[in-house]
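Numbering-wise, numbering that gives the first Met the number 0 puts 213 at position 214 of the sequence shown, and it's gapless, one number per residue.
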Amino acid sequence: MGTGYFASVDEVVERLAEQGYLASAPVATTVFLADRLGRPLLVEGPAGVGKTELARAVSAATGSRLVRLQCYEGVDESRALYEWNHAKQLLRITAGRDEGWDRARADIFTEEYLLSRPLLTAISGDEPTVLLVDEVDKADVEIEGLLLEVLGDFQVTVPELGTIVAKRRPFTVLTSNATRDLSDALRRRCLFLHIDFPEPELERRIVRAKVPGIDEALTASVVAVVGALRAMDLRKAPSVAEAVDWARTLLALGADTLDEEVVRASLGVIVKHQDDITRVRDRLRLDEALDGAAS
Numbered sequence: 000m001g002t003g004y005f006a007s008v009d010e011v012v013e014r015l016a017e018q019g020y021l022a023s024a025p026v027a028t029t030v031f032l033a034d035r036l037g038r039p040l041l042v043e044g045p046a047g048v049g050k051t052e053l054a055r056a057v058s059a060a061t062g063s064r065l066v067r068l069q070c071y072e073g074v075d076e077s078r079a080l081y082e083w084n085h086a087k088q089l090l091r092i093t094a095g096r097d098e099g100w101d102r103a104r105a106d107i108f109t110e111e112y113l114l115s116r117p118l119l120t121a122i123s124g125d126e127p128t129v130l131l132v133d134e135v136d137k138a139d140v141e142i143e144g145l146l147l148e149v150l151g152d153f154q155v156t157v158p159e160l161g162t163i164v165a166k167r168r169p170f171t172v173l174t175s176n177a178t179r180d181l182s183d184a185l186r187r188r189c190l191f192l193h194i195d196f197p198e199p200e201l202e203r204r205i206v207r208a209k210v211p212g213i214d215e216a217l218t219a220s221v222v223a224v225v226g227a228l229r230a231m232d233l234r235k236a237p238s239v240a241e242a243v244d245w246a247r248t249l250l251a252l253g254a255d256t257l258d259e260e261v262v263r264a265s266l267g268v269i270v271k272h273q274d275d276i277t278r279v280r281d282r283l284r285l286d287e288a289l290d291g292a293a294s
């Protein structure tokens, strides 16, 4: 059963564009299918290409609340799903110390004492929800077992309470930078979308949309130089977000065009490692990059 947010692929493109997210045809098509089929969407790609922003844009475009689980090494069930409010339980037990354990136990293992974490929050509400499981590849392998139950049937089992089934399935987005392989079982439950750095024309549109006031010539120069940097063997290639930041920086500096002095002065906005900066200064042929933009 789908979530029913979008009637067509074209509507996905239009409504995401209203939120400032310019979706390519493959992105819009996969979002539409995830919505129509009610399947989680696994989005992979390098950092900074708009994976997390896609979930935010879908949330804004559909008027849904965004529930985010930020993954990291060591995240466990108590951080992802739920935990009991032990302090409140202890107070309840202390207040009723004259009553039997059976009665106290019946009281303290109820929803009143349950601390809902992102996964449980997303499936237990009845309002439209976008669930973002961000950077799932940073979590330990063990967390995937928990995700399999939640994303397979959109239900959670709390031993003391029973099984909680989603009243309304959330539109679910998992993002991954592919720092480790995800299990086939998790991938099987998801639709897959790979987002790479955009083509120059799309990136120019993104920059112009995100940086009001920038002219087309400077936009083309920014995108051309960023593209040349991505072609180098850098520790971290400039992301789309950093291209946008650089465009804003150039406007703040009052730069009408790119020249070597301006690029060198602002290089730290788009290149984030000193050895990368050294390599860029030694190898970047600015004239060639700008010639490519002009053509």
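The beta carbon of each residue, even a glycine, is placed where N, CA and C say it ideally should be.
One or two residues paired with residue i in a DSSP bridge
i	result
R64	T128
T156	T162
T171	L130
S115	Y81
H193	E43
Top-ranked residue by Cα proximity to residue i, from the options
i	options	result
V172	D258, L131, G49	L131
V155	E126, T120, A177	T120
S123	R64, R187, I142, S23	R64
V268	L147, L283, A246, L113	A246
V210	E241, F191, N176, T162	E241
L147	V225, R278, R188	R188
L233	R278, V221, P158, L190	R278
L295	L145, I163, V222, L15	The question about residue 295 has no answer, for the chain in this structure spans 0 to 294.
G161	V140, A60, T109	T109
E111	T256, T93, E159	E159
D255	P237, L217, Q273	L217
L283	L114, M231, P127	M231
Y20	A6, P45, L114, A60	A60
C70	E141, D274, V157, E260	E141
E259	V243, Q273, D281	D281
D133	V66, Q273, V262	V66
G151	S220, H272, P39	P39
Residues near residue i by beta carbon distance below 8 Å, same chain, minus five either side
i	result
A264	L252
R116	L68, S77, R78, A79, L80, Y81, E82
V239	G47, V48, G49, F196, P197, E202, I205
I276	L266, G267, V270
E43	K50, T174, S175, N176, A177, F191, L192, H193, I194
V149	L80, L118, I122, V155
V57	Y4, L15, V30, S63, V129, F170, V172
G73	D139
L114	Y81, E82, W83, N84
G274	In the sequence under discussion, the amino acid at residue 274 is Asp, which differs from the Gly named in the question. Hits under 8 Å: R234.
D244	V268, I269
V298	Since the first residue of the chain shown is 0 and the last is 294, residue 298 is not available in this structure.
Neighbourhood of residue i by C-beta distance below 7 Å, restricted to the same chain and skipping five residues each side
i	result
R168	M0, T2, G37, F153
R296	The chain is shown from 0 up to 294; residue 296 falls before or after that span and cannot be answered.
T28	V8
R207	I213, T218
L250	V210, G212, I213
H272	R234, K235
Q18	A56, A59, A60
A24	none
G226	P199
Same chain, Cβ closer than 6 Å to residue i, neighbours up to 5 away in sequence not counted
i	result
A86	none
I107	Q88, R91
L228	P237
A22	V12, L15
E143	S182, L185
L41	L173, C189, F191
K166	D125
V164	Q154
Residue-chain proximity (residue i, chain C), Cβ-Cβ < 8 Å
i	result
G62	The chain inventory of the structure shown lacks chain C, comprising one protein chain alone.
Do three or more CB pairs link the stretch 51-67 to the stretch 166-181 at distances below 8 Å?
yes
Does the count of Cβ pairs from the stretch 74-82 and the stretch 27-46 closer than 8 Å reach three?
no
Enumerated in chain order, which unbroken segments of the alpha helix (DSSP H) with a length of 4 residues or greater are wholly contained in the stretch 208-253?
215-229, 239-251
Of all the beta strand (DSSP E) runs that stay within the bounds of the stretch 38-89, which reach a length of 3 or more residues?
40-43, 64-69, 81-83
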